[in-house]
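> Straight run, no breaks: the sequence shown in UniProt numbering ends on number 113. No residue lacks a Cβ here, since even glycine has one placed at the ideal position from N, Cα and C. Source: prediction; values computed, not measured.
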Amino acid sequence: MQQQQTLLQRLSPQQRAAFQQLSPEQKRAQLQRLALQQQQAWYPVFKLEIDSVAPDPLETDKRYHQAIFVKTDSNSGSGRLFHVTGDIISASGMRYEEKGGYTPGHSKQSPLS
C-alpha cells in the first residue's frame, strides 16, 4: 500500500483522477507500469579506442582495440567496459568480457587484463 501511494504521488492531479476511475485490474496494470518506469535508468554510452597492447608486425597502420563503455557513476566517471578479446585465427579464439568499475583514462591496467 505504501509503494502504491509513493507511485501515485508521482502523477499529476489529472492523472490521479483518471487512475481512480479505472477498474481494480486496470489499476494493478497501471501500477506495474509505473513501478517499471521508476526502475529504468539511462546511462551515457561511449565507443572507446584503446592503444593495442600487442601491435601486429604485419600491419604498418596503428591499430586500436575497440570497446563499449557505459558510464554508470557520473561522479567518478566509472562504469562498465564491454569488449571482445583474443584473435579470430588463434587456437583459443575470441571471448566476450565485461569489466566493472572501469574508468577510462585512469586505469593503470589494460582493459584486456
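(1) Considering only residues of the same chain and omitting the five flanking positions on each side of Glu49, which have a CB-CB separation below 7 Å?
(2) Contact check, Tyr99 vs Arg80 under 8 Å by CB: the rounded distance?
(3) So, at 8 Å on beta carbons, what are the nonlocal neighbours of Gly93 in its own chain, with the 5 sequence-adjacent residues on each side left out?
(4) What does the alpha-carbon distance come out to for the pair Gln4 and Leu31?
(5) With a threshold of 16 other CB atoms inside 10 Å of the CB of Phe69, please say whether the residue is buried or exposed.
(6) I need the straight-line Cα distance from Glu25 to Trp42, nearest angstrom please.
(7) Nearest to Glu97 by CA position, among His83, Thr103 and His106, is which residue?
(8) Can you list, in chain order, the stretches of the alpha helix (DSSP H) that have 4 or more residues and sit fully within the segment 59-99?
(9) Considering only residues of the same chain and omitting the five flanking positions on each side of Leu11, which have a CB-CB separation below 7 Å?
Taking the geometry as given:
(1) Residue numbering aside, residue 49 sits at position 49 when the sequence shown is read from its first letter. Tyr64 and Gln66, listed in sequence order.
(2) Mapped onto the sequence shown, residue 99 falls at position 99. Mapped onto the sequence shown, residue 80 falls at position 80. The sequence shown places Lys at residue 99, not Tyr. Right, their Cβ atoms sit about 7 Å apart.
(3) On the sequence shown, position 93 is the one that residue 93 refers to. Here the set comprises Gly86 and Asp87.
(4) By one-based count along the sequence shown, residue 4 stands at place 4. By one-based count along the sequence shown, residue 31 stands at place 31. Each residue's Cα considered, the two are about 7 Å apart.
(5) Taking the sequence shown and counting its residues from 1, one reaches residue 69 at position 69. The residue in question, Phe69, is buried, as its Cβ has 16 or more Cβ neighbours within 10 Å.
(6) Start at 1 with the first residue of the sequence shown, and residue 25 comes out as number 25. Start at 1 with the first residue of the sequence shown, and residue 42 comes out as number 42. Computed Cα separation, rounded: 30 Å.
(7) Taking the sequence shown and counting its residues from 1, the one referred to as residue 97 is at position 97. When only C-alpha atoms are compared, the closest one is His83.
(8) none
(9) Residue numbering aside, residue 11 sits at position 11 when the sequence shown is read from its first letter. Closer than 7 Å at the Cβ level, and outside the excluded window around Leu11, lie Phe19.
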